[in-house]
Amino acid sequence: MSAVFDKPSLWQRAAPMFRGFDGPLAFAVFLLACAGLVTMYSSGYDNGARFYDHGRNMLIAGAIMFVVAQIPPQRLATFAVPLYTLGVALLIAVAIFGVTKKGARRWLNLGVTIQPSEILKIAMPLMLAWWFQKREGQLRPLDFLVGGVLLAVPAALIMRQPDLGTALLVLTAGLAVIFFAGLSWKLILPPVLLGLVAVTLVVAFEPRLCADGVRWAVLHDYQQQRICTLLDPTRDPLGKGFHIIQGMIAIGSGGVWGKGFMQGTQAHLDFVPERTTDFIFAAFAEEFGLLGNLLLIAGFVFLVLRGLMIALEAPTLFSRLLAGSITFMFFAYAFVNMGMVSGILPVVGVPLPFISYGGTAMVTLGMGIGILMSISKSKRLVQT
Numbered sequence: 007m008s009a010v011f012d013k014p015s016l017w018q019r020a021a022p023m024f025r026g027f028d029g030p031l032a033f034a035v036f037l038l039a040c041a042g043l044v045t046m047y048s049s050g051y052d053n054g055a056r057f058y059d060h061g062r063n064m065l066i067a068g069a070i071m072f073v074v075a076q077i078p079p080q081r082l083a084t085f086a087v088p089l090y091t092l093g094v095a096l097l098i099a100v101a102i103f104g105v106t107k108k109g110a111r112r113w114l115n116l117g118v119t120i121q122p123s124e125i126l127k128i129a130m131p132l133m134l135a136w137w138f139q140k141r142e143g144q145l146r147p148l149d150f151l152v153g154g155v156l157l158a159v160p161a162a163l164i165m166r167q168p169d170l171g172t173a174l175l176v177l178t179a180g181l182a183v184i185f186f187a188g189l190s191w192k193l194i195l196p197p198v199l200l201g202l203v204a205v206t207l208v209v210a211f212e213p214r215l216c217a218d219g220v221r222w223a224v225l226h227d228y229q230q231q232r233i234c235t236l237l238d239p240t241r242d243p244l245g246k247g248f249h250i251i252q253g254m255i256a257i258g259s260g261g262v263w264g265k266g267f268m269q270g271t272q273a274h275l276d277f278v279p280e281r282t283t284d285f286i287f288a289a290f291a292e293e294f295g296l297l298g299n300l301l302l303i304a305g306f307v308f309l310v311l312r313g314l315m316i317a318l319e320a321p322t323l324f325s326r327l328l329a330g331s332i333t334f335m336f337f338a339y340a341f342v343n344m345g346m347v348s349g350i351l352p353v354v355g356v357p358l359p360f361i362s363y364g365g366t367a368m369v370t371l372g373m374g375i376g377i378l379m380s381i382s383k384s385k386r387l388v389q390t
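Going by my numbering, the first residue of the sequence shown is number 7, and it counts up by one from there.
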């Protein structure tokens, strides 16, 4: 009889919280986190606080991931409208009385300085997934138009700050939802082809378009300079082109095998700017070479493929759209960061997931992984 009244152990009470966690996804995140800690220790060794702060940020992101993973997807859907509304309201507040740093108005002082645009990285896919879930079975062209407006409003407010990197991530997450919701290829191909034509024309007429005194009406001056610098970094090798040139030198000097842990010269001698944040990939490539790059890329590819698999097997339209959008956001993070450091994309403020230093971005990443975990758990519960 006494056994009937025995209290369950702490592990027995905690076990349900861990049951159903996606092992392959957790393993991919663990490997990338380890790579981030090793790289941060090397690139930030002269600022020891960076390594410890990076580890602390990872622990915070892990805790957030664990908490979010316990929330069922149907419960996450109830946060969509309030979180989106809050995010847009805060962006409007930033535009009116936000804090300006280095020529950009991106922050809001509410006793604690916050960057509201980070909220939209999660709120945007939540909102669009909720919207298309509501319209399931009766989608019309007007519904895609409404989805486009819901995406365009915060994206325009973020671009106005200006913050092209964050706007790009929000757009990627939102467009992924619209695409997975069933947008016709007939509507997707024209803007893609138009973009390819525009890029070809810019490359072909670069000497004229980037000549001194020429201004592009559709972009800010600094955005125009970034594109022109990408096309020809040697135009200003000690100024605007310095980041790209030094990043490519660091990557190339790593060779096939790399110079070895803590042996990178370009990064440690301060030739690579922002070596612990946006340009940490250059520091990694210098020390671990082509082989290390391929392994790191393989880690991100595995994470993206696992995320797409979770989306494919998700039990509801909402969870499928949300998982696909979050996965594409991770792809955009990694692709844009590696692309800009390698000199194939303009320099924008996009960190490398789990590798770059940054508390706010790490929290967003933790929430994203937590959402994928939640959707994966819901699938397994449905199967059982």
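For every residue, glycine included, the Cβ atom is placed at its ideal position computed from N, Cα and C. Remember, predicted model here, so these are calculated numbers, not experimental data.
Contact between the region 377-387 and the region 317-330 is present, with at least three C-beta pairs closer than 8 Å.
If the five residues before and after Met-344 are omitted, its C-beta is found closer than 8 Å to the C-beta atoms of Phe-287, Ile-303, Leu-358, all from its own chain and listed in chain order. With a beta-carbon spacing of about 4 Å, Gly-171 and Gly-355 fall inside the 8 Å limit used to define contacts. A residue is called buried once 16 or more other Cβ atoms fall within 10 Å of its Cβ, and Arg-232 is buried on that count. Taking 8 Å as the cut-off, the beta carbon of Ile-255 is found no closer than this to the beta carbon of Ala-291. Counting C-beta pairs with one atom in each stretch, the region 53-73 and the region 362-369 have three or more that are closer than 8 Å, which means they touch. Close CB contacts of Cys-216 within its chain, under the 6 Å cut and outside five residues either way in sequence, are with Cys-234 (chain order). Annotation: the region 108-149 contains the following complete segments of the beta strand (DSSP E) (minimum length 3 residues), in chain order: 110-115. Tyr-228: member of the alpha helix (DSSP H) spanning 227-237, first to last residue. For His-226 and Met-133, the gap between their C-alpha atoms comes out near 29 Å.
Residue state for Thr-206 is assigned as helix, using DSSP reduced to three classes. Judged by pairs of C-beta atoms under 8 Å, the region 131-148 touches the region 77-93, as three or more such pairs exist. Under DSSP, Val-105 forms a beta bridge with Trp-113.
Look at Gln-272 here: in three-state DSSP terms it is helix.
By the criterion of a C-beta distance shorter than 8 Å, Val-353 is surrounded in its chain by Arg-232, Thr-235, Leu-236, His-249, Ile-250, Asp-284, Met-346, once the five residues flanking it on both sides are discounted.
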